[in-house]
Amino acid sequence: MLAFSDTVRGRIVDGVLAIEIDHPPVNALSIDVRAGLSAALRRGRDTPDVDAMVITGAGKIFIGGADIREFGQPPAEPILPAIVAAIEASAKPVVAAINGAALGGGLEVALAAHRRIAMPSATFAAPEVKLGIVPGAGGTQRLPRLIGIPAAIDLIANGRTIGAEEALKLDILDRIETGDLLAAAIGEARALMGKPLRRTGECQAPALPHEAIDTAEKKALARARGQIAPREAVRLVRLAAERPLPEGLAEERATFLRLRDSEQAAALRHVFFAERAAAKVEGLESVTPRDARTIGIVGLGLMGSGIATAVLDAGLTVIAVEQNEDAASKGRVRIEGLLDRSLQSGRIDAAGRQERLSRLSTSGDMTALKDADLIIEAVFDDLDVKTNLFQRLDDVVRPEAILATNTSYLDPDRIATTTARPERVLGLHFFSPANVMRLVEVVRCARTAPDVLAAGVAFAKRLRKLPIVCGVTEGFIGNRIFSAYRREAEFLLEDGALPHQIDAAMEEYGFAMGPFAVFDLAGLEIAWARRKRQAATRDPKERYVDIPDRLCEAGRFGQKTGRGWYLYQDGKRVIDPEVTAMIEAARAAKGLAPRAISAGEITQRLLAAMATEGTALLSEGIAARPSDIDLVMINGYGFPAHKGGPMFVAERMKEQRT
Ligand code: T1G
């Protein structure tokens with residue numbers, strides 16, 4: 001055994017130096033790994049007992065990319081581009097034996113090899129744009145030389161992950177090996193000896209076909225909105241067809257270094273580490289989650305059918321219950337409709353649809369839930385309805401089964417305390433459409449047992465969603481902050497801004513939709529009902545904007561009624577002079593003189609309102625850490641990920657001021 005560094009070792013088999021990277025958890029390309037790889041390549045080059053080389057990873061990952069923890073520091077020698085160049089230039093054949101994920105710099109190492117073989121479970125991605133950067137070790141120049149410009153734009157500018165089959169079709173891979181990967185790679189390396197080697201950097205990337213290139217570019221940029229990295233990625237990939245390799249590489253490196261130090265990259269790195277931090281829940285470190293494989297769902301409206309579809313997508317069994325057989329079969333039709341949409345978009349095939357439906361049973365009889373491990377209620381958001389349901393569930397389900405409520409605003413503790421076993425109750429707050437949205441707020445009630453909470457977290461992860469654990473408060477993390485955002489947006493109306501000006505400012509900032517467009521989409525009546533409920537206890541000294549009440553009184557409930565903060569004509573949103581007049585009248589009634597409000601003031605005030613509410617949630621112990629709040633707003637409310645979330649923004653502004 002040869003040790004090239006603490007994390008890279010090798011052995012010589014049949015004249016082939018098999019180099020193995022062993023740097024758990026993800027074989028990231030840290031300084032030590034780079035030093036080891038560099039030493040190994042030198043050893044392979046300089047000694048006559050080696051005729052060829054193989055590079056592979058220990059464990060389940062080939063190479064997880066650059067070490068993200070080193071990003072805050074200046075690049076240290078040896079740098080990855082030099083290692084990649086040495087692999088490609090090697091006179092002795094180098095084969096990549098891809099035993100798992102080849103991501104970012106890992107993909108770049110593989111691209112430089114003279115042949116690539118992989119296990120069927122291997123995955124490939126250039127995820128750099130998700131970190132606000134572009135590939136920094138030749139990815140934008142070598143990938144298009146191997147697979148063409150349109151496919152390279154698709155992968156690099158979207159950061160899309162693909163499996164081994166697709167990689168083989170695209171020609172990223174030369175072969176999939178189902179047997180002993182390392183033995184096969186050593187055989188391949190020997191077979192290449194003495195033959196002319198195919199060096200990816202020497203291949204030509206034709207600037208064709210124009211139409212496909214333009215389409216790939218348009219598609220990637222449409223998703224990118226305010227993000228810089230995807231735009232730069234497209235520019236660099238196009239360059240691969242226009243410039244010689246060294247020029248392309250130099251331009252790529254300069255862009256990589258510039259973006260690495262950008263504000264967007266800092267924000268996206270924060271999001272990356274925030275997601276890993278959120279997975280660590282205090283008090284659950286050594287708790288085994290209760291089993292949850294058969295999932296009961298009560299209520300098959302929009303939310304329930306969306307949750308059912310997400311559960312079926314995750315390979316679990318669903319027992320769905322409605323008030324009667326007729327409602328149950330309507331619910332089944334709704335789920336079938338959602339699966340049909342997946343079928344049409346190519347996400348699943350006909351067999352996949354059929355297989356999912358084979359795991360679904362629907363019933364109008366609650367006793368069908370006796371076999372469920374976890375029951376999620378998604379019925380009408382009313383306290384009496386929900387408590388009544390939970391009491392009935394108590395008599396039907398197994399004693400260890402978990403009961404989850406998908407309430408948005410009600411107090412789950414009040415629901416829990418009416419049951420026989422409050423320790424098995426928790427909140428699972430999904431976002432609509434539940435089969436698409438990634439966020440799930442996992443609500444820890446006063447008496448939720450640790451293995452029940454852990455089961456909620458594990459279940460959301462199984463659904464490939466992002467669980468954020470939070471405490472009980474009206475609206476949990478997301479809707480509490482959203483309420484503060486709504487309140488400030490309404491203050492802005494009274495102060496002098498109009499809905500479309502506020503929306504434009506927030507869309508310019510990076511939100512997919514401004515607040516008023518969102519209110520119209522969601523419907524104005526739920527917030528109206530809440531305001532009416534709160535009217536009796538509202539402090540008369542508290543600033544209260546009654547414009548939304550006037551809108552609702554006029555029957556303007558948003559998009560579904562064709563009128564809300566905007567007018568909807570043929571599906572298009574237009575400014576309504578009637579609303580402007582209502583706003584002006586409301587200001588006049590309070591004797592408020594409107595002033596011109598800049599886009600900068602609008603974003604600044606709305607962001608500050610979110611951060612202030614977030615700080616309150618932290619001090620009340622509802623949210624565990626600021627980064628959890630950022631994740632909720634990014635994944636549930638359209639906050640632009642490349643800004644890092646409201647708490648991150650507030651922290652950066654504080655740093656800049658001091
Ligand atoms: N660097 C440092 N730490 C990393 C890491 C990385 N690249 N990837 C993961 N970790 C840590 C993570 O913080 C966590 O730590 C643990 O590993 C397990 O991660 C030059 C510039 C590989 C698919 O973007 O997608 O290459 O919290 O919980 O679900 O062009 O991690 O336990 O302390 O996510 O099994 C490109 C990002 C870099 C890969 C594994 N690479 N990672 O998923 O485990 S840019 C990426 C992932 C680059 C070049 C450029 C996933 C994974 P802790 P995990 P997982």
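One point on numbering: in my numbering, the residue at position 552 of the sequence shown is 552, and numbering is uninterrupted.
Beta carbons are placed, not taken as given, at the ideal position from N, Cα and C, and that holds for glycine.
Only a predicted model underlies this, so the values are computations on that prediction, with no experimental measurement involved.
Point to revise | Rounded C-alpha distance that separates E177 from I375 | key: 42 Å
Practice item. Verify the contact flag: G57, CB atom, against every heavy atom of the ligand T1G, threshold strictly below 7 Å. Key: no
**Study point:** Sequence-distant residues of its chain with Cβ nearer than 6 Å to L567 (five each side left out)
**Key:** V574 and D576
Exercise for review: Identify, in the order they occur along the chain, each residue of the same chain with its Cβ nearer than 7 Å to the Cβ of L259, setting aside the five sequence neighbours on each side.
Suggested key: G132, I133, V134, I228, A229, E232 and A265
Practice item. Return the CA-CA distance between Q141 and G201, expressed in angstroms with no decimal places. Key: 8 Å
Review point. Thinking C-alpha only, which one of H114, L103, E247 and I31 is nearest A76?
Key: I31
**Study point:** Cβ distance (whole Å) where G296 is taken to contact A372 below 8 Å
**Key:** 3 Å
Review point. When the Cα of A585 is compared with those of E655, T448, P548 and A596, which residue comes out closest?
Key: P548
Review point. Nearest CA to the CA of G558: which residue from G523, D546 and N27?
Key: G523
Practice item. Determine the contact status of A112 and T56, defining contact as a CB-CB distance below 8 Å. Key: no
Point to revise | By C-beta, the residues closer than 6 Å to any heavy atom of the ligand T1G, given in chain order | key: P25, V26, A28, I61, G64, G65, A66, D67, I68, R69, L80, A101, L103, G104, G105, E108, P127, E128, L131, I133, P135, G136, A137, G139 and R276
Check your understanding: Taking just the CA atoms, how far does L383 sit from Y485?
Key -> 26 Å
Practice item. Report the three-state DSSP secondary structure of S363 (helix, strand or coil). Key: strand
Check your understanding: Among S627, P515 and L493, which one has its Cα closest to the Cα of R595?
Key -> L493
Check your understanding: Taking the Cβ atom as the reference point for each residue, do I602 and A517 lie within a distance shorter than 8 Å?
Key -> no
Exercise for review: Please go through the segment 216 to 287 and give each complete beta strand (DSSP E) segment of 3 or more residues, from N-terminal end onward.
Suggested key: none
**Study point:** Residue span of the alpha helix (DSSP H) that contains Y637, given as start and end
**Key:** P626 to Y637
Review point. For the beta strand (DSSP E) that F124 lies in, which residues bound it at each end?
Key: T123 to A125
Check your understanding: In chain order, what residues of the same chain lie with their CB nearer than 7 Å to the CB of D67, ignoring the 5 residues before and after it?
Key -> A28, L29 and S30
Check your understanding: Going along the chain, which residues of its own chain have a beta-carbon closer than 7 Å to the beta-carbon of P78, five neighbours each way excluded?
Key -> R34, A35 and S38
Review point. Where does the unbroken beta strand (DSSP E) through P135 begin, and where does it stop?
Key: Per DSSP, P135 belongs to no beta strand (DSSP E) and is neither H nor E.
Check your understanding: Is it buried or exposed for E613, if we count other Cβ within 10 angstroms and need 16 for buried?
Key -> buried
Review point. With distances taken between CB atoms, is the gap from A310 to N435 smaller than 8 Å?
Key: yes
Point to revise | Endpoints, alpha helix (DSSP H) assigned at K169 | key: A164 to L170
Review point. When the Cα atoms are used, what is the spatial distance from G471 to P412?
Key: 10 Å
Practice item. Given a cut-off of 8 Å, decide if R190 and A52 are closer than it, judged by their beta-carbon atoms. Key: yes
Review point. For P206, is the classification buried or exposed, using 16 other Cβ atoms within 10 angstroms of its Cβ as the cut-off for buried?
Key: exposed
Point to revise | Uninterrupted beta strand (DSSP E) stretches inside the segment 392 to 447 (no shorter than 3 residues) | key: 402 to 405, 425 to 430 and 439 to 443
Practice item. Please determine, among P25, V16 and Y509, the residue with the shortest C-alpha to C-alpha distance to T47. Key: V16
Review point. Per DSSP, L2 is paired with what?
Key: G10
**Study point:** Residue range of the unbroken beta strand (DSSP E) whose run includes V452
**Key:** Note, V452: premise wrong, no beta strand (DSSP E); alpha helix (DSSP H) at P450 to R462.
**Study point:** Limits of the beta strand (DSSP E) - the one that F62 falls within
**Key:** I61 to I63
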